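Visitor: Before I ask anything, here is the structure I am working with.
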DNA sequence: AAACTCTATTGACCTGGGTTAAGCCTATTT
DNA sequence: AAATAGGCTTAACCCAGGTCAATAGAGTTT
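Chains as they are written, first to last, in the working numbering: chain A, 2 to 194; chain B, 2 to 194.
Encoded structure:
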């Protein structure tokens, strides 16, 4: 159950067996069925979750009632409404399983305790957040300076696994374009642009 | 010189005098004149900088030669090309002073050493990055689901200080809209939308 | 296998905001 | 104080991509 988990953490910091055993006590394994919610907008996000197997997506519904996918989380990714998790304010996103999924969850109280008992986890999450930060930065730049077609091409290049596993209308939503537009883009690309 | 600096850090973690003295040895004070570059696209970003006084902006030039402002940094904010700073790859952004500015800089080697000598700084930066992460997330959601006018109104609400200190065309660039559009939006708002 | 439900495609039409270009106003610079 | 530059506004025009609507598989349910 913890294979993917420890291997991902050890890409960033090293852990000894004692630390691993302590970590295991803080995380709760959970299985989600396809289409099952992990979090609903308006609830407080009590857990930060690591995907061991499967696929999650998070999305928000805007003031006009439109859904926008914010992020997908494959094996080895974390998912949560970070703001809600750390402040206990209401979540602004929904998290849903796109496939049957196995996760490891930690509550915010446990998170606090974990960083005190295994301080190197502050370092792990510092590195994790700093990496996500620059990925988001790139996405933000891309959302402003690229055309819909350029965004799609970049997405396919950097997320080949998702293209296989996620329906096309969800990729459109993630890219912030209409599904009809994505369909036309694919046609253009097939015709050699 | 370190007043704003320590007060900001101590909003997130507490430091004793010994830790403060150690930290002081890692940071280099520097003064920048208005319009002076702190970093240019293509160079490696050697420093992470904290703004004690003044105002920085970072921007990138896209494939089409268009400039996009990514972020402003007022007193109490950090600025750098995080990715370049941590990986030593070439920076994709420029950082420039919009006013005469005083900063505290730390090199990446010093950063590493600092986190080893004062491990609570891993925690400080974990919290800092996690907060920036959710701010970026919000901006990304906003860039997709709001109209140009809504984006501007939100910006004014959440950044009143910047509206005073930054020229309008730069705010337009930050919001990803044409300066002409922003001018029209302000007119609309003045006319009661 | 018929009835639903989801997803993708295609066409016709429309609009928010980009582009181009001109003119104006306020600071700097010389 | 004249010249130059940077910033702001306005108008005319245009287009990438959104919206609406119809059609058609592909997968599920009864």
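Positions of the beta carbon are idealized from the N, C-alpha and C atoms, including for glycine. The structure displayed is predicted, hence computed values, not measured ones.
Using a Cβ-Cβ cutoff of 8 angstroms, what residues of the segment 33 to 46 of chain B are near chain A? List them in chain order.
Guide: Residues passing the 8 angstroms Cβ filter: none.
Visitor: Candidates 187(A), 178(A), 72(A): which alpha carbon is nearest residue 146(B)'s?
Guide: Ranking 187(A), 178(A), 72(A) by Cα distance to residue 146(B) puts 178(A) first.
Visitor: Just curious, the alpha helix (DSSP H) that residue 27(A) is in, first and last residue?
Guide: Here the alpha helix (DSSP H) through residue 27(A) covers 18 to 27.
Visitor: Along the segment 164 to 191 of chain A, where does the CB come closer than 8 angstroms to a CB of chain B? Name the residues.
Guide: Listed by position along the chain: 177.
Visitor: In terms of DSSP beta bridges, what is residue 50(A) paired with?
Guide: Looking at the DSSP assignment, residue 50(A) forms a beta bridge with 80(A), 106(A).
Visitor: State yes or no: is the beta carbon of residue 1(B) nearer than 8 angstroms to at least one beta carbon in chain A?
Guide: With chain B covering only 2 through 194, there is no way to say anything about residue 1(B).
Visitor: Using 8 angstroms as the limit for Cβ to Cβ distance, is residue 54(A) near chain B?
Guide: Taking Cβ atoms only, chain B never reaches closer than 8 angstroms to residue 54(A), which makes this a no.
Visitor: Alpha carbon to alpha carbon, how far is residue 28(A) from residue 1(A)? Give it in angstroms, no decimals.
Guide: No information on residue 1(A) is available, as it lies outside the stretch 2 to 194 that chain A covers here.
Visitor: If you draw a straight line from the C-alpha of residue 62(A) to the C-alpha of residue 71(A), how long is it?
Guide: Distance between the alpha carbons of residue 62(A) and residue 71(A): 10 angstroms.
Visitor: Please classify residue 99(B): does DSSP put it in a helix, a strand, or coil?
Guide: The answer is coil: DSSP assigns residue 99(B) none of H, G, I, E or B.
Visitor: I want to check one thing, is the minimum distance from the CB of residue 50(B) to the heavy atoms of the ligand GTP below 7 angstroms?
Guide: Judged by which ligands are present, the structure shown has none, so any question about the ligand GTP falls away.
Visitor: Taking one C-beta from the segment 72 to 80 of chain A and one from the segment 38 to 56 of chain A each time, how about it: are there three or more such pairs within less than 8 angstroms?
Guide: With the cut-off at 8 angstroms, the segment 72 to 80 of chain A and the segment 38 to 56 of chain A touch.
Visitor: Residue 33(B) to residue 102(B), Cα distance in whole Å?
Guide: For residue 33(B) and residue 102(B), the distance between alpha carbons rounds to 5 angstroms.
Visitor: Residue 150(B) to residue 66(B), Cα distance in whole Å?
Guide: Residue 150(B) and residue 66(B): Cα-Cα distance of roughly 25 angstroms.
Visitor: Just to confirm my understanding: we take residue 25(B), look at its own chain, exclude 5 residues before and 5 after, and list those with CB closer than 7 angstroms. What are they?
Guide: So the list reads 3, once near-sequence residues are dropped.
Visitor: Can you tell which of 90(A), 80(A), 174(A) has its C-alpha closest to the C-alpha of residue 129(A)?
Guide: Nearest option by C-alpha distance: 80(A).
Visitor: Kindly identify the DSSP beta-bridge partner or partners of residue 58(A).
Guide: According to DSSP, which records beta bridges pairwise, residue 58(A) is partnered with 73(A), 97(A).
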